[in-house]
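Undergrad:
2 protein chains.
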Amino acid sequence: MKVITILGAGLSATSLINYLLQHSEENDWHIKIGDIDEQLAKRKINGSKRGKAFYFNVSDDNLVEKTVAESDIVVSLLPARFHFVVAQACVNHGVPMLTASYVSKEMLELQDEAIAKGIGIYNELGVDPGIDHMSAMKIIDQIRNTGGTLTAFFSSTGGLVAPAFDDNPWNYKFTWNPRNVVLAGQGVSKFIRNGDYKFIPYTQLFSRIIPTSVEGYGDFEIYPNRDSLAYRKTYNLDNIPTIFRGTIRRPGFAKAWNVFVQLGATDDSYIIENSESMTYRQFINTFLPFRENESVEEKLINLLPHLVDEEVMQKLHFLEIFSNKTIGLPSASPAQILQKILEDKWQLKEGERDMIVMQHRFEFSDSDNKPHIKVASLVVEGESKEITAMAKTVGLPLAIAVKLVATGKVNIPGVSVPVVPELYQPILDELETLGIVFKEEDL
Amino acid sequence: MKVITILGAGLSATSLINYLLQHSEENDWHIKIGDIDEQLAKRKINGSKRGKAFYFNVSDDNLVEKTVAESDIVVSLLPARFHFVVAQACVNHGVPMLTASYVSKEMLELQDEAIAKGIGIYNELGVDPGIDHMSAMKIIDQIRNTGGTLTAFFSSTGGLVAPAFDDNPWNYKFTWNPRNVVLAGQGVSKFIRNGDYKFIPYTQLFSRIIPTSVEGYGDFEIYPNRDSLAYRKTYNLDNIPTIFRGTIRRPGFAKAWNVFVQLGATDDSYIIENSESMTYRQFINTFLPFRENESVEEKLINLLPHLVDEEVMQKLHFLEIFSNKTIGLPSASPAQILQKILEDKWQLKEGERDMIVMQHRFEFSDSDNKPHIKVASLVVEGESKEITAMAKTVGLPLAIAVKLVATGKVNIPGVSVPVVPELYQPILDELETLGIVFKEEDL
Numbered sequence: 023m024k025v026i027t028i029l030g031a032g033l034s035a036t037s038l039i040n041y042l043l044q045h046s047e048e049n050d051w052h053i054k055i056g057d058i059d060e061q062l063a064k065r066k067i068n069g070s071k072r073g074k075a076f077y078f079n080v081s082d083d084n085l086v087e088k089t090v091a092e093s094d095i096v097v098s099l100l101p102a103r104f105h106f107v108v109a110q111a112c113v114n115h116g117v118p119m120l121t122a123s124y125v126s127k128e129m130l131e132l133q134d135e136a137i138a139k140g141i142g143i144y145n146e147l148g149v150d151p152g153i154d155h156m157s158a159m160k161i162i163d164q165i166r167n168t169g170g171t172l173t174a175f176f177s178s179t180g181g182l183v184a185p186a187f188d189d190n191p192w193n194y195k196f197t198w199n200p201r202n203v204v205l206a207g208q209g210v211s212k213f214i215r216n217g218d219y220k221f222i223p224y225t226q227l228f229s230r231i232i233p234t235s236v237e238g239y240g241d242f243e244i245y246p247n248r249d250s251l252a253y254r255k256t257y258n259l260d261n262i263p264t265i266f267r268g269t270i271r272r273p274g275f276a277k278a279w280n281v282f283v284q285l286g287a288t289d290d291s292y293i294i295e296n297s298e299s300m301t302y303r304q305f306i307n308t309f310l311p312f313r314e315n316e317s318v319e320e321k322l323i324n325l326l327p328h329l330v331d332e333e334v335m336q337k338l339h340f341l342e343i344f345s346n347k348t349i350g351l352p353s354a355s356p357a358q359i360l361q362k363i364l365e366d367k368w369q370l371k372e373g374e375r376d377m378i379v380m381q382h383r384f385e386f387s388d389s390d391n392k393p394h395i396k397v398a399s400l401v402v403e404g405e406s407k408e409i410t411a412m413a414k415t416v417g418l419p420l421a422i423a424v425k426l427v428a429t430g431k432v433n434i435p436g437v438s439v440p441v442v443p444e445l446y447q448p449i450l451d452e453l454e455t456l457g458i459v460f461k462e463e464d465l
Numbered sequence: 023m024k025v026i027t028i029l030g031a032g033l034s035a036t037s038l039i040n041y042l043l044q045h046s047e048e049n050d051w052h053i054k055i056g057d058i059d060e061q062l063a064k065r066k067i068n069g070s071k072r073g074k075a076f077y078f079n080v081s082d083d084n085l086v087e088k089t090v091a092e093s094d095i096v097v098s099l100l101p102a103r104f105h106f107v108v109a110q111a112c113v114n115h116g117v118p119m120l121t122a123s124y125v126s127k128e129m130l131e132l133q134d135e136a137i138a139k140g141i142g143i144y145n146e147l148g149v150d151p152g153i154d155h156m157s158a159m160k161i162i163d164q165i166r167n168t169g170g171t172l173t174a175f176f177s178s179t180g181g182l183v184a185p186a187f188d189d190n191p192w193n194y195k196f197t198w199n200p201r202n203v204v205l206a207g208q209g210v211s212k213f214i215r216n217g218d219y220k221f222i223p224y225t226q227l228f229s230r231i232i233p234t235s236v237e238g239y240g241d242f243e244i245y246p247n248r249d250s251l252a253y254r255k256t257y258n259l260d261n262i263p264t265i266f267r268g269t270i271r272r273p274g275f276a277k278a279w280n281v282f283v284q285l286g287a288t289d290d291s292y293i294i295e296n297s298e299s300m301t302y303r304q305f306i307n308t309f310l311p312f313r314e315n316e317s318v319e320e321k322l323i324n325l326l327p328h329l330v331d332e333e334v335m336q337k338l339h340f341l342e343i344f345s346n347k348t349i350g351l352p353s354a355s356p357a358q359i360l361q362k363i364l365e366d367k368w369q370l371k372e373g374e375r376d377m378i379v380m381q382h383r384f385e386f387s388d389s390d391n392k393p394h395i396k397v398a399s400l401v402v403e404g405e406s407k408e409i410t411a412m413a414k415t416v417g418l419p420l421a422i423a424v425k426l427v428a429t430g431k432v433n434i435p436g437v438s439v440p441v442v443p444e445l446y447q448p449i450l451d452e453l454e455t456l457g458i459v460f461k462e463e464d465l
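In order, the protein sequence lines correspond to chains A and B. Numbered according to the numbering used here, the first sequence terminates at residue 465, and the numbering increases by one at each position without gaps. Numbered according to the numbering used here, the second sequence terminates at residue 465, and the numbering increases by one at each position without gaps.
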């Protein structure tokens, strides 16, 4: 019998737990689920004899060591900053570990120890990062293996609301951590286009839009997503002339969001005095010039005349940002206040479902130097409040990877991400049987 | 005999040293000047029998203690981050200390110890901060003492080039630390206008311009300067409806500078790969969209059509930013590259002189509730390469304060800034005799 321990029983754990419990009988697995909220872990097991919930607190060093020592495999779904503590214990005890999060710098430092122990620390096994790597590498390897040369690679993902519930003027609802959505894109975004470096500051980001569409799902727009340059190394594309990663939204989102960016309303670096008693209208007015004879609306239009058109104004009115509603948050930053305003309006309501959209575009020449463009698109809709598109696309590739490791089919000692065929191929194959299927199109 | 020790013999030390040496005979002072470059300190003494240069290294704890122990008064002109080390030694040995720099948080923590020892740690005794505080408080106190109420206070300063040498299209040359000029305004600027908080993000800063003029010197423009809110406490203006601090430039500067801000060319947070061999033109192009059929100039105009007019384009051409000159700086940030480009063009040449402009505007009602507006303006031009306007306006108020403390006319135990009449009145009076005179105007 193998003991598979899952740390963290939050939203993204549901599909993972369900999958592992379903496969536990045939593989003789015992699934232990630890969470600081033991009852939550218990509910996720849903009475299965193969599962066991336990109290887990990552701050308790002895508990971490004991938990890892009693496991054959550990999956961490804890907040990303805690993965390292678990990974260190896993390396100490020679236990393989899997996460859906980005490899951190400190995680990389475990490389030699993990190799010495012969165990794998597998990261970025969710959707983004995760499915994006696997699906991209599959096609990149196909192009290479048939003698082709990739000249441009675009890869974009978005977490959105499913079309049936897409009923507000932003065509957007929160389907994941709202704070990350409010702060998205701060800093600089970097990519390469036709051999030229491109550095896009935050305040230009939301006006640098690429339109796209997905069959059966209509039009979308893409804005640049942080550091695309780092992916040259990940995908072994050191000399590629064009590499771009983006975030997907419905058309018109970026232009309206840009109003908040230009105003400085997404700034999280300072606290607004008296924010608790301030109204939404006063909040917006703090970013506008003083003019005695103009309303807040007029001042906004006059400050950003090329941004605030009728459509944008409609989106802003939907959020009631010009209303006299009270903020009610003490000592809050602009970003925290904006998040509060948005949470009231962009909430995914009971019974509503989310959607993940991913699209890659490959421009390459084949072995005869003929140019080609291939587009691969994935859309996954959520099934229920628990089985969201996000939970499925994060949890299922991770679960399949756990199975591969637990059954001995895969063993990659060291700190890795899923860019090798032995990992991506079986995961993508099985994801297809679970309805997570890329549609490929040759343009 | 009193020993007055000056630590740091850099640019801003010249006027201070000259003043103290001139007054050393009559007051029986011995002026010791310590610098890591002992020869530099020696040159500044210029053969005076009252002065003595010595090697000083602030990293040598024993040397700091010994130096302070042998002094009656210490003036620190070291880089601001070193003031605290000196201040701690001064408190230990019961020696008063003076600086021209902002009070740091750690400096404030010496408050109780300094009071217990009965010595003053006097800060912000230069020009900005320094003369701005003193000249503003003088008028604020006048208004209060005659029963008036201040309703609005605007205070702005700029380091510029003297009119006779103002010969480039930016009407600007570097007269102080170029790095600080390139990074100026990053973060958020805060002020209050008619009772409303105003928060201006960096990317809006250079379009929020207030025009002004100074008799005999023509027109200027003002953009907001960081956190004006903090000055409510400094000036005891807790409930003032309007308080604003600004930076002064010649008209048109902010609009053209805003091009670099909007592009992200002032970003100091990341390194550009291969910056050494990149050309100026390629550098600008990294911030522009990829378009096969447009030149860099066309792309810039199309990206920022409301900013890049003919006048702005003329300023940009003056900097040769579209040329194929090589940057030549390895692993540089955008801000470092931009600084290098500017240093070539905004250099104050041999024989050219600088200028400090300061202007306060006070809106108040008198004891009969009649409204008034008073404007106080100061212009100081440099005299030579050594006796710059900056060196004079930083060094002279500090030197006068040293005299006041050394002669026992002033003793304010604790950590202070010059907002009390016993300090600002004699300093401003003597500055007038040295040609540093505010012109007051009632509008």
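We put the CB at the ideal spot given by N, CA and C, even for glycine.
Got a sec? Which residues, its chain only, sit under 6 angstroms from L400 of chain B by beta carbon, not counting five neighbours each side?
TA: Residue 400 of chain B sits at position 378 when you count from the first residue of the second sequence. Hits under 6 angstroms: M380, F460.
Undergrad: At what residues does the alpha helix (DSSP H) containing Y41 of chain A begin and finish?
TA: By 1-based counting over the first sequence, the position of residue 41 of chain A is 19. 36-44 is the span of the alpha helix (DSSP H), which, as asked, contains Y41 of chain A.
Undergrad: At the 9 angstroms Cβ level, is Q44 of chain A part of the contact set with chain B, yes or no?
TA: As a working note, residue 44 of chain A is residue 22 in the first sequence. No, Q44 of chain A does not count as interfacial toward chain B.
Undergrad: In terms of residues, what are the limits of the alpha helix (DSSP H) holding Y446 of chain A?
TA: Taking the first residue of the first sequence as 1, we reach residue 446 of chain A at position 424. 443-455 is the extent of the alpha helix (DSSP H) around Y446 of chain A.
Undergrad: Where does M23 of chain A land, buried or exposed, given buried means 16+ other C-beta within 10 angstroms?
TA: What you label residue 23 of chain A is simply residue 1 of the first sequence in a count that begins at 1. It is exposed - the Cβ of M23 of chain A has fewer than 16 other Cβ atoms within 10 Å.
Undergrad: Would you kindly check if the distance between the Cβ of A428 of chain A and the Cβ of I162 of chain A is under 9 angstroms?
TA: For the purposes of this step, residue 162 of chain A is taken as the residue at position 140 of the first sequence. For the purposes of this step, residue 428 of chain A is taken as the residue at position 406 of the first sequence. Against a cut-off of 9 angstroms, the Cβ pair of A428 of chain A and I162 of chain A comes out as no contact.
Undergrad: Quick one: what's D218 of chain A bridged to in DSSP?
TA: Sequence index remark: in the first sequence, residue 218 of chain A carries index 196 (1-based). Answer is A:R215, bridged to D218 of chain A.
Undergrad: Check whether the stretch 32-39 of chain A touches the stretch 404-416 of chain A, taking contact to mean three or more Cβ pairs, one atom from each stretch, closer than 8 angstroms.
TA: The answer is yes - the stretch 404-416 of chain A touches the stretch 32-39 of chain A, with three or more Cβ pairs under 8 angstroms.
Undergrad: Would you check if the stretch 221-232 of chain B and the stretch 271-278 of chain B touch, i.e. whether three or more CB-CB distances between them fall below 8 angstroms?
TA: Result yes; three or more Cβ-Cβ pairs closer than 8 angstroms.
Undergrad: Specify the secondary structure class of Y292 of chain A as computed by DSSP and reduced to three states.
TA: The residue labelled residue 292 of chain A in the question sits at position 270 within the first sequence. Looking at Y292 of chain A - three-state DSSP - the assignment turns out to be coil, as it is neither helix nor strand.
Undergrad: DSSP three-state call for T415 of chain A: helix, strand or coil?
TA: As a first step, residue 415 of chain A is located in the first sequence; it is residue number 393 there, counting from the start. In this structure, T415 of chain A counts as helix in the three-state DSSP scheme.
Undergrad: Looking at the structure shown, is L381 of chain B part of a helix, part of a strand, or coil, going by DSSP?
TA: Indexing the second sequence from 1 puts residue 381 of chain B at position 359. Looking at the sequence itself, residue 381 of chain B is Gln, so the reference to Leu does not match. In this structure, Q381 of chain B counts as strand in the three-state DSSP scheme.
Undergrad: Could you check whether the Cβ of G350 of chain A sits closer than 9 angstroms to any Cβ belonging to chain B?
TA: For this step, residue 350 of chain A is matched to residue 328 along the first sequence. It does not; no Cβ of chain B falls within 9 angstroms.
Undergrad: Please say whether K88 of chain A and L450 of chain A have beta carbons closer to each other than 9 angstroms?
TA: As a first step, residue 450 of chain A is located in the first sequence; it is residue number 428 there, counting from the start. As a first step, residue 88 of chain A is located in the first sequence; it is residue number 66 there, counting from the start. Not a contact, by the Cβ cut-off of 9 angstroms.
Undergrad: Apart from the five residues just before and just after Y77 of chain A, which ones in its own chain have a Cβ nearer than 6 angstroms to its Cβ?
TA: Locating residue 77 of chain A in the first sequence gives position 55, where the first residue counts as 1. So the list reads E60, once near-sequence residues are dropped.
Undergrad: Exposed or buried, which one is H328 of chain B when buried takes at least 16 other CB atoms within 10 Å?
TA: For the purposes of this step, residue 328 of chain B is taken as residue 306 along the second sequence, with counting starting at 1. Burial call: exposed.
Undergrad: Quick check on the DSSP output: the alpha helix (DSSP H) that includes E157 of chain A runs from which residue to which?
TA: Counted from its first residue, the first sequence places residue 157 of chain A at position 135. Reading off the sequence shown, one finds Ser at residue 157 of chain A, where the question assumed Glu. 153-167 is the extent of the alpha helix (DSSP H) around S157 of chain A.
Undergrad: Do L29 of chain B and V96 of chain B have their beta-carbon atoms positioned less than 9 angstroms apart in this structure?
TA: Residue mapping note: residue 96 of chain B aligns to position 74 of the second sequence, counting from 1. Residue mapping note: residue 29 of chain B aligns to position 7 of the second sequence, counting from 1. Taking 9 angstroms as the Cβ cut-off, V96 of chain B and L29 of chain B qualify as a contacting pair.
Undergrad: For I501 of chain B, which of B:I141, B:M377, B:L341 has the nearest alpha-carbon?
TA: Any answer about residue 501 of chain B is impossible in this case: the structure gives chain B only from 23 up to 465.
Undergrad: Compare the C-beta of S250 of chain A against all C-beta atoms of chain B and say whether one is closer than 9 angstroms.
TA: Numbered from 1 along the first sequence, position 228 holds the residue referred to as residue 250 of chain A. Not closer than 9 angstroms to any Cβ of chain B, the Cβ of S250 of chain A fails to qualify, so no.
Undergrad: Starting from the C-beta of M377 of chain A, find all residues in its chain whose C-beta is less than 6 angstroms away, skip the five residues before and the five after it, and write them out in chain order.
TA: In the first sequence, counting from the first residue as 1, residue 377 of chain A sits at position 355. Excluding sequence neighbours, M377 of chain A sits near L182, A184, E403, A411.
Undergrad: From A:E374, A:N391, A:Q447, pick the residue whose C-alpha is nearest to that of G170 of chain A; which is it?
TA: Here residue 170 of chain A is taken as the residue at index 148 of the first sequence, counted from 1. G170 of chain A has its Cα closest to that of A:N391, out of A:E374, A:N391, A:Q447.
Undergrad: With distance defined between alpha-carbon atoms, name the residue in B:L418, B:S317, B:V283, B:D241 nearest to I458 of chain B.
TA: Within the second sequence, numbered from 1, the residue matching residue 458 of chain B stands at position 436. Selected option, being the one with the closest Cα: B:L418.
Undergrad: Can you list, in chain order, the residues of its chain with a C-beta nearer than 8 angstroms to that of F344 of chain B? Leave out the 5 residues immediately preceding and following it.
TA: Here residue 344 of chain B refers to the residue found at position 322 of the second sequence. If we look at F344 of chain B and ignore the five residues flanking it on each side, its Cβ neighbours are Y302, R303, I306, V318, E319, L338.
Undergrad: Run through the DSSP bridge pairs and tell me what H115 of chain B is partnered with.
TA: Indexing the second sequence from 1 puts residue 115 of chain B at position 93. Its beta-bridge partners do not exist; DSSP assigns none.
Undergrad: Between the stretch 309-330 of chain A and chain E, which residues of the former have CB atoms less than 9 angstroms from a CB of the latter, in chain order?
TA: In the structure shown, chain E does not exist; the protein chains are A and B.
Undergrad: Using a Cβ-Cβ cutoff of less than 7 angstroms, which residues in the same chain neighbour I443 of chain B once the five nearest sequence positions on both sides are dropped?
TA: As a first step, residue 443 of chain B must be located in the second sequence, where it is residue number 421. A small fix is needed here, since residue 443 of chain B is Pro in this sequence, not Ile. Excluding residues within five positions, the ones whose Cβ falls inside 7 angstroms are D163.
Undergrad: When we look at the beta-carbon of S353 of chain B and count the other beta-carbons within 10 Å, is it buried (16 or more) or exposed?
TA: Taking the first residue of the second sequence as position 1, residue 353 of chain B is located at position 331. Classification of S353 of chain B: exposed, given that the 10 Å Cβ count is below 16.
Undergrad: Count the other C-beta atoms from every protein chain shown that fall within 10 angstroms of the C-beta of N247 of chain B, then say buried if there are 16 or more, exposed otherwise.
TA: Residue mapping note: residue 247 of chain B aligns to position 225 of the second sequence, counting from 1. Burial call: buried.
Undergrad: Under the assumption that D218 of chain A contacts F312 of chain B (Cβ atoms under 8 angstroms), give the Cβ distance between them as a whole number of angstroms.
TA: For the purposes of this step, residue 218 of chain A is identified with residue 196 of the first sequence, where counting begins at 1. For the purposes of this step, residue 312 of chain B is identified with residue 290 of the second sequence, where counting begins at 1. Contact holds; Cβ gap of about 7 angstroms.
Undergrad: Is there contact here, the stretch 65-77 of chain A with the stretch 38-56 of chain A, by at least three beta-carbon pairs under 8 angstroms?
TA: Cβ pair count under 8 angstroms is three or more, so yes.
Undergrad: From the beta carbon of T225 of chain A, is the nearest beta carbon of chain B less than 9 angstroms away?
TA: Along the first sequence, read from residue 1 onward, the residue named residue 225 of chain A stands at position 203. True, the Cβ-Cβ gap to chain B drops below 9 angstroms.
Undergrad: Quick one: what does DSSP say V108 of chain B is sitting in, helix, strand or coil?
TA: Against the second sequence, residue 108 of chain B aligns to sequence position 86. The answer is helix: DSSP assigns V108 of chain B an H, G or I state.
Undergrad: Could you give the first and the last residue of the continuous alpha helix (DSSP H) run that contains L285 of chain B?
TA: Here residue 285 of chain B is taken as the residue at index 263 of the second sequence, counted from 1. Its alpha helix (DSSP H) spans residues 275-285.
Undergrad: I'd like the ranges of any alpha helix (DSSP H) spanning at least 4 consecutive residues and lying wholly in the stretch 55-85 of chain B.
TA: The qualifying runs are 60-67.
Undergrad: Please confirm whether N307 of chain B has its beta-carbon closer than 9 angstroms to some beta-carbon of chain A.
TA: Here residue 307 of chain B is taken as the residue at index 285 of the second sequence, counted from 1. Yes, its Cβ sits closer than 9 angstroms to a Cβ of chain A.
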